[in-house]
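Beneath this line is the structure, given in structure tokens, with notes to follow.
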Amino acid sequence: MRSDRIGRDIIFHKPYRVIVPKEGEEDSHIPIQQNGTTWYTDGSKTEQSTGAGATNRDPDCEISINLGNYATVFQAEITAISACAQEMTRRSYTNKRIQIISDSQAALKALGAVEIHSQVVKDCMDSLTKLAEHNSITLKWMRGHQGHVGNERADFLAKKGAEVPLIGPEPTCGLAYRTARRVMKDLLREKHISHWAKVPGLRHSRMFIGEPSWNKSKDFIKLGRNQLRWIVFTGHCPLMRHLTTIGVKNDPDYRRCGEEEETSSTYYANARRWQLPGIRTLGL
Numbered sequence: 001m002r003s004d005r006i007g008r009d010i011i012f013h014k015p016y017r018v019i020v021p022k023e024g025e026e027d028s029h030i031p032i033q034q035n036g037t038t039w040y041t042d043g044s045k046t047e048q049s050t051g052a053g054a055t056n057r058d059p060d061c062e063i064s065i066n067l068g069n070y071a072t073v074f075q076a077e078i079t080a081i082s083a084c085a086q087e088m089t090r091r092s093y094t095n096k097r098i099q100i101i102s103d104s105q106a107a108l109k110a111l112g113a114v115e116i117h118s119q120v121v122k123d124c125m126d127s128l129t130k131l132a133e134h135n136s137i138t139l140k141w142m143r144g145h146q147g148h149v150g151n152e153r154a155d156f157l158a159k160k161g162a163e164v165p166l167i168g169p170e171p172t173c174g175l176a177y178r179t180a181r182r183v184m185k186d187l188l189r190e191k192h193i194s195h196w197a198k199v200p201g202l203r204h205s206r207m208f209i210g211e212p213s214w215n216k217s218k219d220f221i222k223l224g225r226n227q228l229r230w231i232v233f234t235g236h237c238p239l240m241r242h243l244t245t246i247g248v249k250n251d252p253d254y255r256r257c258g259e260e261e262e263t264s265s266t267y268y269a270n271a272r273r274w275q276l277p278g279i280r281t282l283g284l
């Protein structure tokens, strides 16, 4: 799988404007310009897939793109802008005052930044630069989900894009750094669970710990009396069953009653019943 991350690219001049209003200064009104056209773009991600959408009413045009499961919302937002720029170039727009409206500040700020680290962003910049050769382009931020017809339609098209079947192999674009980390973590977890299920022994560990879990791992690391707790969880401590297993003792039965084997589970149950001091030491 290829990466979306690229070596640092510096671009000082861009033939388009990026407008991200400050808090409280945003204006949901988009003026109609003479000889102008306005596009609305959006991105969407579901549990199944990611989609990009763009719409324009003059002339009427709608775009829905499925980007597969690995693309991020940020990549979808950028792709939506890139798609409408490519569509306008295909239609040979000339001497137009073009507005592209997005509800993603992250996408617009990336397209206005001097340093570029993403191939998706670089490709979008190239598409905008080509379109700007014969047109005036302004990218503007609008707060999303405020009932604006154009923004709501773009959101619908993005969700529609995520629902339609993907044509072609995954991934459709380079993997974002966070996505690559998530994929590797998921792969390691699958291998960890598979190994945990196949490795022989570990009866007490499986009983107390259960299935491997990132959350459980974090909780164990934070324990104040780490070593004491771990030896009880694993059963590798001076309990009769373990001492008999390693050849130190000859009888695995519980030393207080002799009715059952002295293991981590029986010790934990009986310690509560007999109020043994050790249970308070362990904090259980």
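The numbers in the UniProt record's numbering rise by one with no breaks, and the one at position 144 of the sequence shown is 144.
Glycine included, each C-beta is placed from N, C-alpha and C at the ideal position.
All values reported here derive from a predicted model rather than from experimental measurement.
Sequence-distant Cβ neighbours of H134 in its own chain, meaning closer than 6 Å and more than five residues away, are T94. By the Cβ test, the segment 67-86 is in contact with the segment 39-51, since at least three Cβ pairs between them sit closer than 8 Å. For the pair G51 and A158, the CB atoms are nearer than the 7 Å cut-off. Cβ contact annotation for I10 (same chain, cutoff 7 Å, sequence separation greater than five): V114, E115, in chain order. Distance from the CA of S64 to the CA of L108, rounded to the nearest whole angstrom, comes to 20 Å.
Membership of Y177 in the alpha helix (DSSP H) is indicated by the continuous run 177-198.
Our two residues, C173 and S102, have alpha carbons roughly 20 Å apart in a direct line.
According to the DSSP assignment, V18 belongs to the beta strand (DSSP E) that extends over 17-19. G174: not part of any beta strand (DSSP E); DSSP gives it neither H nor E. Under the three-state reduction of DSSP, N135 is assigned to coil, being neither helix nor strand. Cβ neighbours of L175 within its own chain (closer than 8 Å, five residues either side excluded): M1, R2, S3, D4, Y70, V183. Closest in alpha carbon position to Y177, among H117, I137, S92, is H117. Closest in alpha carbon position to C124, among Q146, F156, T89, is T89. Here the C-alpha atom of G112 lies approximately 56 Å from the C-alpha atom of L202. Counting the other CB atoms within 10 Å of its CB gives A106 a total below 16, which places it among the exposed residues.
Excluding sequence positions up to five before and after S136, its CB lies within less than 6 Å of the CB of R97, all in the same chain and listed in chain order.
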